[in-house]
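**Q** Before anything else, here's the structure in question.
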Amino acid sequence: MNAPTHHGERTAHLNTAGTGRMPDAVHAVLARCTALDDRYGPAALRERPGGMTHPGLHARLAALLGVRSGRTVLTTGAAQAFEAFARTTVLGPRDRIWTTPHEGVANLTALHALRERTRCRLEVVPLRPDGDLDLDWMRTHLDEDVALVSAVHLSAACGTVNPVEDIGRLLAPHRARYTLDASHSVGLLPVDAARIGCQLLTADGWRFLRGPQDIGFAHLAPDPRTDPHDGPHDGPRGPYDGPYDGLAEGLAEGLAEGLAEGAVRAPAPAAVAALGAALDHHTAAARRPHQDLLPLLRDAVRDTPGMELLAAGRQQAGVLAFRHAEIPAAAIRRGLARRGVVLAKTVAHEHPLHPAGRITAPALRACVHHDNTPQDIDRLRRALTEVLREEHAAAVPVPARAALAAAGPAAAADPGPPPSPYRTARPARRRGHLTLHRAN
């Protein structure tokens, strides 16, 4: 639940895409697990129901993802699951990997390492002018050299909802394997992995599911060659010779082997038990009607002078990115936090391929979820106005402030827009840690 501030108001938590605020029921499970660990040691917790192999938890995860039970694996996070998959994937120099501008830096790093190890090509699917993925470009350039397509369901950079089912249908007749990062969509949007048609889906438990830190999960789809009645597509797949065999091994065995050998760290039993409580809370909350607060959030930001919304495609959910023309994001975030409004500051290296990430100045990211209220948005609106007024006043030199004060209240009330001390003429620094083939 949202805790009260020192003024008696509850905190307006608008950073669920970063870390969701855990419900009371999840806190209670963690407290009981901690007490049990303190009294009897960690072995006692591992031996209790709700541990790593508890079938009820995997059944609930399967229901959440629209798949059959027995195909989910628990990890400490989506990035860890994807890294384990990429580390065990076998490709060749002629193979191509597609990623998108929405990819986060953790998955990009894993793909970059895969490219360096196998000497394959890593290409970026371009965006259309409206901010959506260019599916026409994908249709034109898709061939049997494309071995892997890595996509993101909901962009953490700016809230774009990508057409993941359309991508699945496009890839279905071809050799390419399809992995999906659902870290920011699970718990916010309906996720049906079978309809999407991906072979690997990864997600975090601490964002919109509002579970504890350091737990996530992956869904591994059945191999359509050995289990044709349980595959995600009705149509036939393409050729299965050559590198596909290694890729299938990476999908099905990489995580399991990593967990067995200790190369992939298993989540703590307390986190597993708390994730079960978070899933119960999410199921109950999803049945209740709730208001889509994103339009209210967008209006609150758009109506604030000097704020610029960052483009997010034609379909958007839950996440809004914006910045001020003059005042740094860090200063605004700190000012909002002092007023009980919590949101995130984003920086370029988190999404280095996205247009929003290529902007030199950091941006702000606000998120809304089922636990937010219209009052949270009103509070953000008021707090933004106060913070900007405060920052503009601080930018006025001290002698000018004294002159304004001497001129009387009317002059002091409206000093006019002073020259911003935040603007800089320094050119944007280019980052060289990722070298990709960008489509024209």
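For the sequence shown, our numbering assigns the number 1470 to the initial residue and increments by one for each residue that follows.
Even glycine gets a Cβ: it sits at the ideal position worked out from N, Cα and C.
What does DSSP give as the partner residue(s) for Thr1854 in the beta ladder?
**A** What you label residue 1854 is simply residue 385 of the sequence shown in a count that begins at 1. Partner(s): none; Thr1854 has no beta bridge.
**Q** Ordered along the chain, which non-local residues of its own chain (more than five positions away) have a Cβ less than 7 Å from that of Glu1572?
**A** In the sequence shown, residue 1572 corresponds to position 103, counting from 1. For Glu1572, where only same-chain residues beyond five positions count, the Cβ hits under 7 Å are Ser1619, Val1621, Leu1822.
**Q** Helix, strand or coil: how does DSSP classify Ala1486 here?
**A** Numbered from 1 along the sequence shown, position 17 holds the residue referred to as residue 1486. Correct three-state label for Ala1486: coil.
**Q** Going by other Cβ atoms of all chains shown within 10 Å of its Cβ, with 16 needed for buried, is Gly1546 buried or exposed?
**A** Here residue 1546 refers to the residue found at position 77 when the sequence shown is read from its first residue. The residue is buried, with at least 16 neighbouring Cβ atoms inside 10 Å.
**Q** With DSSP collapsed to three states, give me the class of Ala1641.
**A** Here residue 1641 refers to the residue found at position 172 when the sequence shown is read from its first residue. If DSSP states are grouped into helix, strand and coil, Ala1641 belongs with coil.
**Q** Is Gly1674 closer than 8 Å to Ala1747 when the C-beta atoms are compared?
**A** Working through the sequence shown from its first residue, we reach residue 1747 at position 278. Working through the sequence shown from its first residue, we reach residue 1674 at position 205. Yes. Within cutoff.
**Q** Excluding sequence positions up to five away, which residues of its chain have a Cβ less than 6 Å from the Cβ of Val1788?
**A** Numbered from its first residue, the sequence shown carries residue 1788 at position 319. Excluding positions up to five away in sequence, the list reads Ala1486, Gly1628, Cys1836.
**Q** For the segment 1754 to 1765 against the segment 1596 to 1606, do three or more pairs of beta-carbon atoms, one drawn from each stretch, fall closer than 8 Å, so that the two count as touching?
**A** no
**Q** So which of Gln1844, Glu1860, Pro1774 has the shortest CA-CA distance to Ala1800?
**A** Walking along the sequence shown from the start, residue 1800 turns up at place 331. The shortest C-alpha separation from Ala1800 is found at Glu1860.
**Q** Starting from Asp1673, trace the beta strand (DSSP E) in both directions and tell me its first and last residue.
**A** Taking the first residue of the sequence shown as position 1, residue 1673 is located at position 204. Asp1673 -> beta strand (DSSP E) spans 1669 to 1673.
**Q** Span of the alpha helix (DSSP H) holding Thr1609?
**A** Translated into the one-based positions of the sequence shown, residue 1609 becomes position 140. Taken as a continuous stretch (DSSP letters only), the alpha helix (DSSP H) holding Thr1609 covers 1604 to 1610.
**Q** According to DSSP, is Gly1745 helix, strand or coil?
**A** The sequence position of residue 1745 within the sequence shown is 276, counting from 1. Annotated three-state conformation of Gly1745 is helix, per DSSP.
**Q** Could you give the distance in angstroms between the alpha-carbon of Ala1553 and the alpha-carbon of Ala1862?
**A** Position 84 of the sequence shown, counted from the first residue, corresponds to residue 1553. Position 393 of the sequence shown, counted from the first residue, corresponds to residue 1862. When rounded, the distance between both Cα atoms is 51 Å.
**Q** At 4 residues or longer, what runs of the alpha helix (DSSP H) sit wholly inside the segment 1504 to 1577?
**A** Taking only runs of at least 4 residues, the alpha helix (DSSP H) segments lying wholly in the segment 1504 to 1577 are 1511 to 1515, 1524 to 1534, 1547 to 1557.
**Q** In chain order, what residues of the same chain have a beta carbon less than 8 Å from the beta carbon of Cys1502, not counting five sequence neighbours either side?
**A** For the purposes of this step, residue 1502 is identified with residue 33 of the sequence shown, where counting begins at 1. Listed in chain order, the non-local C-beta contacts of Cys1502 below 8 Å within the same chain comprise Leu1514, Pro1738, Ala1739, Ala1742, Ala1743, local neighbours out to five positions each way being set aside.
**Q** Gln1682 to Val1495, Cα distance in whole Å?
**A** Numbered from its first residue, the sequence shown carries residue 1682 at position 213. Numbered from its first residue, the sequence shown carries residue 1495 at position 26. Rounded to whole angstroms, Gln1682 to Val1495 spans 11 Å at the Cα level.
**Q** Using only alpha-carbon positions, find the residue among Leu1530, Leu1583, Asn1484 that is nearest to Arg1556.
**A** Translated into positions along the sequence shown, residue 1556 becomes position 87. Ranking the options by Cα distance to Arg1556, first place goes to Leu1583.
**Q** For Ile1846, which residues from the same chain have a beta carbon less than 7 Å from its beta carbon, with the 5 sequence-adjacent residues on both sides left out?
**A** Locating residue 1846 in the sequence shown gives position 377, where the first residue counts as 1. Here the set comprises Leu1762, Leu1765, Leu1766, Ala1769.
**Q** DSSP on Pro1697, reduced to helix/strand/coil?
**A** The residue you call residue 1697 lines up with position 228 of the sequence shown. For Pro1697, the predicted model reports a pLDDT of 47, less than 50, meaning its position is unreliable; a value from the coordinates is still stated below. If DSSP states are grouped into helix, strand and coil, Pro1697 belongs with the helices.
**Q** Is the segment 1556 to 1566 touching the segment 1774 to 1788 in the sense that three or more CB pairs, one from each, lie closer than 8 Å?
**A** no
**Q** Classify Arg1501 as helix, strand or coil using the three-state DSSP reduction.
**A** Residue mapping note: residue 1501 aligns to position 32 of the sequence shown, counting from 1. In this structure, Arg1501 counts as helix in the three-state DSSP scheme.
**Q** Return the residue from the list Arg1807, Gly1782, Ala1832 that minimises the CA-CA distance to Ala1794.
**A** Reading the sequence shown from its first residue, position 325 is the one you call residue 1794. For Ala1794, the nearest C-alpha among the options comes from Ala1832.
**Q** Which residues in the same chain have their Cβ closer than 8 Å to the Cβ of Arg1802, if we skip the five residues on either side of it in sequence?
**A** The sequence position of residue 1802 within the sequence shown is 333, counting from 1. Excluding five sequence positions before and after Arg1802, the CB atoms of its chain that fall closer than 8 Å to its own CB belong to Leu1812, Ala1813, Lys1814, Leu1833, given in chain order.
**Q** Roughly how many angstroms separate the alpha carbons of Val1852 and His1839, rounded to a whole number?
**A** As a working note, residue 1852 is residue 383 in the sequence shown. As a working note, residue 1839 is residue 370 in the sequence shown. Reading off the sequence, residue 1852 comes out as Ala, not Val. Ala1852 and His1839: Cα-Cα distance of roughly 22 Å.
**Q** Here's the rule I'm using: 16 or more other beta-carbon atoms within 10 Å means buried, otherwise exposed. How should Gln1668 be labelled?
**A** The residue you call residue 1668 lines up with position 199 of the sequence shown. Classification for Gln1668: buried.
**Q** In whole angstroms, what is the alpha-carbon distance linking Tyr1713 and Leu1805?
**A** Taking the sequence shown and counting its residues from 1, the one referred to as residue 1713 is at position 244. Taking the sequence shown and counting its residues from 1, the one referred to as residue 1805 is at position 336. A caution first: Tyr1713 carries a pLDDT of 38, below 50, which makes its placement in the model too unreliable to give a value.
**Q** In terms of residues, what are the limits of the alpha helix (DSSP H) holding Leu1822?
**A** Numbered from its first residue, the sequence shown carries residue 1822 at position 353. Per DSSP, Leu1822 belongs to no alpha helix (DSSP H) and is neither H nor E.
**Q** Check Ala1881 in the structure and name its three-state DSSP category.
**A** The residue given as residue 1881 occupies position 412 in the sequence shown. Interpretation of Ala1881 is limited by its pLDDT of 48, a score under 50 that renders its predicted location unreliable; the figure taken from the coordinates is listed afterwards. Helix at Ala1881.
**Q** What's the C-alpha gap between Asn1576 and Val1660?
**A** Position 107 of the sequence shown holds residue 1576. Position 191 of the sequence shown holds residue 1660. Straight-line Cα distance between these residues: approximately 20 Å.
**Q** In chain order, what residues of the same chain have a beta carbon less than 7 Å from the beta carbon of Leu1499, not counting five sequence neighbours either side?
**A** Locating residue 1499 in the sequence shown gives position 30, counting from the first residue. Excluding sequence neighbours, Leu1499 sits near Pro1681, Ala1739, Ala1743.
**Q** How far does the beta strand (DSSP E) with Asp1650 in it reach, from first residue to last?
**A** Your numbering for residue 1650 matches position 181 in the sequence shown. Its beta strand (DSSP E) spans residues 1646 to 1650.
**Q** Write down the C-beta distance between Gly1489 and Arg1676 rounded to the nearest angstrom, noting that I regard them as a contact closer than 8 Å.
**A** Here residue 1489 is taken as the residue at index 20 of the sequence shown, counted from 1. Here residue 1676 is taken as the residue at index 207 of the sequence shown, counted from 1. At roughly 5 Å, the Cβ-Cβ gap stays under 8 Å, so Gly1489 and Arg1676 are in contact.
**Q** With burial defined as no fewer than 16 other Cβ atoms inside 10 Å of the residue's Cβ, what is the status of His1818: buried or exposed?
**A** Counting from 1 along the sequence shown, the entry for residue 1818 is found at position 349. A residue is called buried once 16 or more other Cβ atoms fall within 10 Å of its Cβ, and His1818, having fewer, is exposed.
**Q** Tell me the residue span of the beta strand (DSSP E) that contains Leu1617.
**A** Here residue 1617 is taken as the residue at index 148 of the sequence shown, counted from 1. First-last of the beta strand (DSSP E) with Leu1617: 1615 to 1621.
**Q** Is the Cβ-Cβ distance between Arg1756 and Pro1492 less than 8 Å?
**A** Along the sequence shown, read from residue 1 onward, the residue named residue 1756 stands at position 287. Along the sequence shown, read from residue 1 onward, the residue named residue 1492 stands at position 23. Not in contact: Arg1756 and Pro1492 (Cβ atoms no closer than 8 Å).
**Q** Exposed or buried, His1482, counting other C-beta atoms within 10 Å across all chains shown (16 or more means buried)?
**A** By 1-based counting over the sequence shown, the position of residue 1482 is 13. Per the 10 Å Cβ criterion, buried.
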